[in-house]
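Residue numbers (this note's numbering): 1 to 155.
For each residue, glycine too, the CB sits at the ideal point set by N, CA and C.
One structure is given below, encoded as structure tokens.
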């Protein structure tokens with residue numbers, strides 16, 4: 001598991017746009033890479049830096065999430081994300097934002113209760129009165145740091 005470069009607003013924005021495309025849920029970045037003092041942490045825990053805060057509007061309900069951006073390159077990395085999420089106290093639920101989660105990785109996140117949104121439109125969200133689960137959206141090719149439709153680039 002590795003982090004994208006310091007908070008990539010394109011990744012978060014791309015995931016929000018994909019979420020709207022696949023679910024109709026609108027979202028926006030409210031804070032990008034907040035200062036460390038607005039990070040999360042609990043008593044006796046190390047304070048963590050957040051990658052941002054987003055607001056999603058689900059059927060008229062506003063839901064705020066603390067964003068953690070990660071590239072999930074191994075199935076085992078999901079367990080590490082779950083451990084990170086379980087070990088912290090945040091003012092809002094945590095949302096994993098990643099470029100892409102394969103269907104088996106999406107299933108693993110769902111089983112572990114990890115909420116996520118990726119730039120392909122896959123998502124797992126739950127809150128009072130709603131459950132959103134989208135999997136199987138195809139990976140999108142990255143071109144110069146932006147996500148575009150396609151399966152990949154030929155060489």
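Next on the checklist: Rounded to whole angstroms, what is the Cα-Cα separation between residue 111 and residue 68?
Outcome noted: 19 Å
Item to check | Residue of 81, 28, 95 and 131 minimising C-alpha distance to residue 118 | outcome: 95
Checklist entry - Is it true that the CB of residue 79 sits closer than 8 Å to the CB of residue 56? => result no
Next on the checklist: Considering only the alpha carbon of each residue, which of 107, 62 and 77 lies closest to residue 133?
Outcome noted: 107
Item to check | alpha helix (DSSP H) segments (min. 4 residues) lying fully within the segment 70 to 143 | outcome: 77 to 86 and 103 to 112
Checklist entry - Between residue 18 and residue 128, what straight-line distance do the alpha-carbon atoms span, to the nearest angstrom? => result 22 Å
Checklist entry - If residue 54 sits next to residue 22, beta carbons under 8 Å apart, how far is it from one beta carbon to the other, in whole angstroms? => result Not really, about 16 Å apart at Cβ, beyond 8 Å.
Next on the checklist: Quick check: the Cα distance between residue 139 and residue 99, rounded to an integer number of angstroms?
Outcome noted: 8 Å
Checklist entry - Which residues bound the alpha helix (DSSP H) around residue 25? => result Careful: residue 25 lies outside any alpha helix (DSSP H) and carries neither H nor E.
Next on the checklist: With a threshold of 8 Å between beta carbons, is residue 116 in contact with chain D?
Outcome noted: Checking the listed chains, one finds no chain D in this structure; it contains a single protein chain.
Checklist entry - Between the C-alpha atoms of residue 73 and residue 50, what's the straight-line distance to the nearest angstrom? => result Just so you know, the alpha carbons of residue 73 and residue 50 end up roughly 21 Å apart.
Checklist entry - Which two residues bound the contiguous beta strand (DSSP E) that contains residue 52? => result 52 to 58
Next on the checklist: By alpha-carbon positions, which one of 136, 58, 82 and 121 ends up nearest to residue 14?
Outcome noted: 121
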